[in-house]
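See structure below.
Protein chains: 2
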Amino acid sequence: MGAPKQRWTPEEEAALKAGVAKHGPGKWRTILRDSDFSELLRLRSNVDLKDKWRNLSVTAGGYGSREKARMALKKGRRVVPKLTAEPMDVDGKDMDIAHDAIIEAEPLAMALEPLAIEESPDKSVARLDDLILESYRKANEPSGSNKAAVAAYIEDQIWPL
Amino acid sequence: MGAPKQRWTPEEEAALKAGVAKHGPGKWRTILRDSDFSELLRLRSNVDLKDKWRNLSVTAGGYGSREKARMALKKGRRVVPKLTAEPMDVDGKDMDIAHDAIIEAEPLAMALEPLAIEESPDKSVARLDDLILESYRKANEPSGSNKAAVAAYIEDQIWPL
DNA sequence: CACTAGGGTTAGGGTTTA
DNA sequence: TTAAACCCTAACCCTAGT
Numbered sequence: 001m002g003a004p005k006q007r008w009t010p011e012e013e014a015a016l017k018a019g020v021a022k023h024g025p026g027k028w029r030t031i032l033r034d035s036d037f038s039e040l041l042r043l044r045s046n047v048d049l050k051d052k053w054r055n056l057s058v059t060a061g062g063y064g065s066r067e068k069a070r071m072a073l074k075k076g077r078r079v080v081p082k083l084t085a086e087p088m089d090v091d092g093k094d095m096d097i098a099h100d101a102i103i104e105a106e107p108l109a110m111a112l113e114p115l116a117i118e119e120s121p122d123k124s125v126a127r128l129d130d131l132i133l134e135s136y137r138k139a140n141e142p143s144g145s146n147k148a149a150v151a152a153y154i155e156d157q158i159w160p161l
Numbered sequence: 001m002g003a004p005k006q007r008w009t010p011e012e013e014a015a016l017k018a019g020v021a022k023h024g025p026g027k028w029r030t031i032l033r034d035s036d037f038s039e040l041l042r043l044r045s046n047v048d049l050k051d052k053w054r055n056l057s058v059t060a061g062g063y064g065s066r067e068k069a070r071m072a073l074k075k076g077r078r079v080v081p082k083l084t085a086e087p088m089d090v091d092g093k094d095m096d097i098a099h100d101a102i103i104e105a106e107p108l109a110m111a112l113e114p115l116a117i118e119e120s121p122d123k124s125v126a127r128l129d130d131l132i133l134e135s136y137r138k139a140n141e142p143s144g145s146n147k148a149a150v151a152a153y154i155e156d157q158i159w160p161l
C-alpha cells in the first residue's frame, strides 16, 4: 500500500497559513510554487493544501480552543445501519466565510500600504492584518532566515491554542 | 443509558472476510454496496467494517490475552509528494505480489490486496477459497446455524462456476 | 488536460461498554 | 482489567465544474 498517512507537522501547517496569508486561499498551486513555501510543503499536493486549510477553518471555529460541550450527547439504540460516516452538518461554512473575508480582504503582497480598514467592526480583523504585515516585515529582513519561524510566528499570534 | 453493543455474528464476520477477499481491505463502502454482502452486513456501517477488521487483525496475530502488541508503529515519511492525478500502478505486477502475499499471509487480516477475481479465474481462486474456509473455521462454533452452509453460500456468490 | 470546491470515505487514536 | 465495539476527525479520495 502506498501512503501510510501523513500527519501535518507544525512547520507545514505554519507554511500553509503563511502561504494563504500571502496569496489568499484557493491559490494552492501558487502557494506550492512559491519558493518561500515550496521546500516546507514539498511533500504536499495542492489538494492536500486545500484539505488542510478546510480542516484548519473548521477547528478554528471555536470547537478546538474551547471544546468541552461534548459529553452532552446521548446515544440511542441504533435501529437501522448508520448510513454514512456522519452526514452531519459539520460543514463549517460560516467559518470559511469568515476566514475568507479576513484573508482575501487584502492579500498580503498587495497590502504593504496602510490597510484600508474601512470599517471592520470586528477588531480581530484589524489585529490579524497588522500581525501579518509585521511578520512579513520581519521575514524580509534577515535574508534566508527561517521561513518556518516566520510562519510559526504568524500562526502563534493568530491561531493560538 | 448506553448504546447497546451489537456483537458481530459469525455470518457477518464471514461476509466481511469474504468481502475483503474480493475487494481488498480498505474498500469498506465498496464491500457494503456489493450485493453479495449487503444483505448480511445490512446492520453495519463502513466504519463498523473497518473497526471489525482491525479487531480481527489483532486477534489473528495470535497474541494471548496477556500480550499486547500495541502501537509500536512509527510514522514513515513519504518521499515524494503525491501528484494531483496520481497514476495508479495497475499493471498486474502488483497483482502477482498480492497473490504471493495472500498465499503466505497467515494472519489472514494482515495484508490483502484486491484481486480481480472476476477477470482471472485461475488457481489462485482455489487458494483463496481455502483461506476463507480456514479463517471461517476460526470464527466460532456453537451457534445453531450451519456455518458450513454460510461459508458455502458466500463462496458460491463470489466464485460461481 | 490542470486546478479547485466540496461531498464522501478511510485510518487510526481515543472512548465506552460488557 | 481487558477486549470488542463504538466514536472523533484529520487526512485522503472522487468527481463535477471551470
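Protein sequence lines correspond, in order, to chains A and B. Sequential numbering of the first sequence, starting at 1, is according to the numbering used here. Sequential numbering of the second sequence, starting at 1, is according to the numbering used here. Idealized CB from N, CA, C, for every residue including glycine.
### Query
Where does Glu-39/A fall in DSSP's three states?
Looking up residue 39/A in the first sequence gives position 39. In this structure, Glu-39/A counts as coil in the three-state DSSP scheme.
### Query
Quick one: Cα of Gly-54/A to Cα of Asn-46/B, how far?
Translated into positions along the first sequence, residue 54/A becomes position 54. Translated into positions along the second sequence, residue 46/B becomes position 46. Looking at the sequence provided, one finds Arg at residue 54/A rather than Gly. Taking the straight line from one Cα to the other gives about 24 Å.
### Query
Can the beta-carbon of Leu-40/A be found less than 8 Å from the beta-carbon of Glu-11/A?
In the first sequence, counting from the first residue as 1, residue 40/A sits at position 40. In the first sequence, counting from the first residue as 1, residue 11/A sits at position 11. Yes. Within cutoff.
### Message
For Gly-26/B and Asp-36/B, what's the separation of their Cα atoms in angstroms?
### Response
On the second sequence, residue 26/B is found 26 positions in, with the first residue counted as 1. On the second sequence, residue 36/B is found 36 positions in, with the first residue counted as 1. About 17 Å.
### Three-state class that DSSP yields for Ser-57/B in the structure shown
On the second sequence, position 57 is the one that residue 57/B refers to. Correct three-state label for Ser-57/B: helix.
### Task
Taking all protein chains shown into account, decide if Lys-5/B is buried (16 or more other Cβ within 10 angstroms of its Cβ) or exposed.
Stepping through the second sequence from its first residue, residue 5/B is reached at position 5. Under this definition Lys-5/B is an exposed residue.
### Cβ neighbour criterion (16 or more within 10 Å) applied to Ala-15/B
Stepping through the second sequence from its first residue, residue 15/B is reached at position 15. Ala-15/B is buried by the Cβ-count criterion.
### Query
Just the Cα atoms here: how many angstroms apart are Arg-7/A and Ser-38/B?
For the purposes of this step, residue 7/A is taken as the residue at position 7 of the first sequence. For the purposes of this step, residue 38/B is taken as the residue at position 38 of the second sequence. Those two C-alpha atoms are separated by around 33 Å.
### Query
Which of the three DSSP states, helix, strand or coil, is assigned to Gly-19/A?
Here residue 19/A refers to the residue found at position 19 when the first sequence is read from its first residue. Three-state result, Gly-19/A: helix.
### Message
Taking 8 Å as the threshold (C-beta atoms), are Leu-49/B and Leu-32/B in contact?
### Response
By one-based count along the second sequence, residue 32/B stands at place 32. By one-based count along the second sequence, residue 49/B stands at place 49. For Leu-32/B and Leu-49/B, yes; Cβs fall inside 8 Å.
### Message
Looking at the secondary structure, which residues open and close the alpha helix (DSSP H) in which Trp-28/B lies?
### Response
The residue you call residue 28/B lines up with position 28 of the second sequence. Counting along the chain, the alpha helix (DSSP H) containing Trp-28/B begins and ends at 28-33.
### Query
How would you label Ala-3/A, buried or exposed, when you count the other beta carbons within 10 angstroms and need 16 or more for buried?
Your numbering for residue 3/A matches position 3 in the first sequence. Burial call: exposed.
### Query
Apart from the five residues just before and just after Thr-30/B, which ones in its own chain have a Cβ nearer than 6 Å to its Cβ?
Start at 1 with the first residue of the second sequence, and residue 30/B comes out as number 30. If we look at Thr-30/B and ignore the five residues flanking it on each side, its Cβ neighbours are His-23.
### Task
Express the C-alpha separation of Ala-21/B and Glu-13/A in angstroms, rounding to a whole number.
For the purposes of this step, residue 13/A is taken as residue 13 along the first sequence, with counting starting at 1. For the purposes of this step, residue 21/B is taken as residue 21 along the second sequence, with counting starting at 1. Taking the straight line from one Cα to the other gives about 38 Å.
### Message
Could you tell me the alpha carbon to alpha carbon distance between Lys-17/A and Ala-60/A, rounded to whole angstroms?
### Response
Stepping through the first sequence from its first residue, residue 17/A is reached at position 17. Stepping through the first sequence from its first residue, residue 60/A is reached at position 60. Taking the straight line joining both Cα atoms gives about 12 Å.
#### Entry: Neighbourhood of Gly-19/A by C-beta, 6 Å cutoff - its chain only, sequence neighbours within 5 removed
On the first sequence, residue 19/A is found 19 positions in, with the first residue counted as 1. The residues are Ile-31, Phe-37.
### Message
Is Lys-27/A close to the ligand SAM? I mean its beta-carbon at under 7 Å from any heavy atom of the ligand.
### Response
The model depicted lacks the ligand SAM and carries no ligand whatsoever.
### Query
Ordered along the chain, which non-local residues of its own chain (more than five positions away) have a Cβ less than 8 Å from that of Asp-34/B?
Here the question's residue 34/B lines up with position 34 in the second sequence. Once the five neighbours on either side are set aside, the close Cβ partners of Asp-34/B are Gly-19, Lys-22, His-23.
### Message
Rounded to the nearest angstrom, what separates Lys-52/A and Asp-51/B at their Cα positions?
### Response
To locate residue 52/A, count along the first sequence from 1; it is residue 52. To locate residue 51/B, count along the second sequence from 1; it is residue 51. Each residue's alpha carbon lies about 25 Å from the other.
### Query
In this structure, does DSSP put Pro-10/B in helix, strand or coil?
Along the second sequence, one-based indexing puts residue 10/B at 10. Residue state, collapsed to three classes: helix.
### Task
Specify the secondary structure class of Arg-50/A as computed by DSSP and reduced to three states.
Taking the first sequence and counting its residues from 1, one reaches residue 50/A at position 50. As written in the sequence, residue 50/A is Lys, which differs from the Arg given in the question. Three-state DSSP puts Lys-50/A in a helix.
### Message
At the level of alpha carbons, what is the spacing between Trp-28/B and Trp-28/A?
### Response
Numbered from 1 along the second sequence, position 28 holds the residue referred to as residue 28/B. Numbered from 1 along the first sequence, position 28 holds the residue referred to as residue 28/A. Their backbone Cα atoms lie some 31 Å apart in a straight line.
### Task
Look at the alpha carbon of Val-58/B and the alpha carbon of Thr-9/A, and state the distance between them as a whole number of angstroms.
For this step, residue 58/B is matched to residue 58 along the second sequence. For this step, residue 9/A is matched to residue 9 along the first sequence. Going from the Cα of Val-58/B to the Cα of Thr-9/A covers about 29 Å.
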